[in-house]
Amino acid sequence: MNRVYYQGASARYSFGPGLMTPAVKALIWINVAVFLVTELTPRAAGNWLNEFFGLVPALVLTDLRIWQPITYLFLHGSVGHILMNMLILWMFGVQLERTWGTRFFLRYYFVAGIGAAIVTLVASLLPFSFSAATYVTITIGASGAIYGLLMAFALYHPETPILMFLLVPVPAKYFVMILGAVAFISAPRGDGIG
């Protein structure tokens, strides 16, 4: 998040919310550690970790792998994927954790992430062409929880300017709508990275 500080007729921007809060710091460390484990293990082991801990609706519903709606949040498919999720977690999560407190922040984060998993499970059962692929595709990433944080930030701080592409100041409420539209349009890719 880029904050605007007004000083007379001029304004200056500050990148980010400042020092990390306890929950945000812990989530980032855990995500990075899990990413390093999956990247540094041999390919077959990394694939097994993604299949065992990533969200696969067919395996949750038939093999009762009920841990997957939680564990998929800590897996990421690429350096860019984890960098973007952790940057957004830091930029918006710190302010929300300061507002809500650590306990409520963590509860919200996991409810949003597990809620996204439930939506994925339900979508995989719908009678549409994309559902069959979703049913057997591995979904990984914290994006469901991250979008939940973005939505909350936009509700709590709707007019806070965010520098889109580090150039254009956009109120948080519009920034989140734009990101949501981009995510919705790109969702049918079916690669399971979210």
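If you count the sequence shown from 1, position 57 lands on 57 in the UniProt record's numbering, and the numbers rise without skipping. For every residue, glycine included, the Cβ atom is placed at its ideal position computed from N, Cα and C.
Cβ-Cβ separation between LEU75 and LEU27: approximately 13 angstroms, too far for a contact (criterion under 8 angstroms). Rounded to whole angstroms, the gap between the alpha carbons of SER131 and GLY46 is 26 angstroms. Under DSSP, PRO171 forms a beta bridge with PRO161.
Here DSSP, grouped into helix, strand and coil, assigns THR139 to strand. Taking the Cα of ILE70 as reference, the smallest distance to any Cα among GLY148, GLU39, ALA116, TRP48 is reached at ALA116. Taking a C-beta distance under 9 angstroms as the contact criterion, VAL32 and ILE82 qualify as a contact pair. Counted as a single uninterrupted DSSP element, the alpha helix (DSSP H) harbouring TRP100 occupies residues 94-100.
Straight-line spacing of the CA atoms in ILE118 and PHE110 works out to 12 angstroms.
Going by DSSP, THR62 is part of the alpha helix (DSSP H) stretching over 57-62. Contact annotation, LEU55 with ILE138: C-beta distance approximately 7 angstroms; criterion of less than 8 angstroms satisfied.
By the neighbour-count definition (other C-beta atoms within 10 Å, threshold 16), PRO42 is an exposed residue. If you draw a straight line from the Cα of TRP100 to the Cα of LEU179, it is about 24 angstroms long.
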